[in-house]
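S.K.:
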Amino acid sequence: MLTHAGDPDIADFRIAEAERYLLRAGVRYPLTTIVTAETAQLTAGSAGVPGTLGAVLAAVTETALRGDWMRIKACCNPPCHFGFIDRTRNRAARYCSPGCGSQVSMRALRQRRKQARS
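If you use this note's numbering, the sequence shown corresponds to residues 2 to 119, in order.
See the structure below:
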């Protein structure tokens with residue numbers, strides 16, 4: 002989700018590692034397709050914690066199939082990393098709220114001032 006927000010600090014090997022983990026999770030927590038006359042949906046194939054994780058994977062899959070997966074992002078403010086849906090027209094949001102964007106800007110300003118003094 003950080004890559005969706007354009008976080009430059011995410012290394013390619015971390016992305017590959019996360020993708021491998023999610024592949025293993027998908028195998029471990031299989032989904033069931035429920036088809037009716039009106040619709041079809043994915044549901045978790047288990048109960049308890051595995052069912053909960055399966056439900057999360059089902060939601061992710063349905064979001065990706067709708068074409069909205071790239072709108073699911075993690076805030077680029079390092080102490081936050083809160084997940085959010087980017088509802089902007091150009092899909093360019095990087096922060097979950099204006100407050101987080103302001104914190105990052107203030108941190109960068111303080112760093113620039115500190116470097117200018119030294």
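Cβ atoms here follow ideal geometry from the backbone N, Cα and C, with glycine treated the same way. Just so it is clear, the structure is predicted and the values come from calculations on it, not from any experiment.
Give me the Cβ distance between LEU58 and ALA19, rounded to the nearest whole Å; I'm assuming they're in contact under 8 angstroms.
M.R.: As a position in the sequence shown, residue 58 is number 57, starting the count at 1. As a position in the sequence shown, residue 19 is number 18, starting the count at 1. In this structure, LEU58 and ALA19 do not form a Cβ contact; the two beta carbons are roughly 14 angstroms apart against a cut-off of 8 angstroms.
S.K.: Would you say the segment 62–74 touches the segment 44–51, given that touching needs at least three Cβ pairs under 8 angstroms?
M.R.: no
S.K.: What three-state label does DSSP hand ILE86 in the structure shown?
M.R.: On the sequence shown, position 85 is the one that residue 86 refers to. The answer is strand: DSSP assigns ILE86 an E or B state.
S.K.: When you compare only the Cα positions, how much space is there between THR40 and GLN112?
M.R.: Counting from one through the sequence shown, the residue named residue 40 turns up at place 39. Counting from one through the sequence shown, the residue named residue 112 turns up at place 111. Looking at the two C-alpha atoms, the distance is approximately 53 angstroms.
S.K.: Check whether the Cβ atoms of GLU30 and PRO51 lie closer than 8 angstroms to each other.
M.R.: Mapped onto the sequence shown, residue 30 falls at position 29. Mapped onto the sequence shown, residue 51 falls at position 50. For the record, residue 30 in the displayed sequence is Tyr; it is not Glu. Contact flag set, yes.
S.K.: In terms of residues, what are the limits of the beta strand (DSSP E) holding THR44?
M.R.: For this step, residue 44 is matched to residue 43 along the sequence shown. Taken as a continuous stretch (DSSP letters only), the beta strand (DSSP E) holding THR44 covers 41–45.
S.K.: So, are the CB atoms of THR4 and LEU32 less than 8 angstroms apart?
M.R.: As a first step, residue 4 is located in the sequence shown; it is residue number 3 there, counting from the start. As a first step, residue 32 is located in the sequence shown; it is residue number 31 there, counting from the start. No, the Cβ-Cβ distance between THR4 and LEU32 is not below 8 angstroms.
S.K.: If we count the other Cβ atoms within 10 Å of its Cβ and call it buried at 16 or more, is GLY55 buried or exposed?
M.R.: For the purposes of this step, residue 55 is identified with residue 54 of the sequence shown, where counting begins at 1. By the Cβ-count criterion, GLY55 is buried, with 16 or more other Cβ atoms from all chains shown falling within 10 Å of its own Cβ.
S.K.: Going by the CB atoms, is the gap between VAL105 and ASN78 shorter than 8 angstroms?
M.R.: For the purposes of this step, residue 78 is identified with residue 77 of the sequence shown, where counting begins at 1. For the purposes of this step, residue 105 is identified with residue 104 of the sequence shown, where counting begins at 1. Taking 8 angstroms as the Cβ cut-off, ASN78 and VAL105 qualify as a contacting pair.
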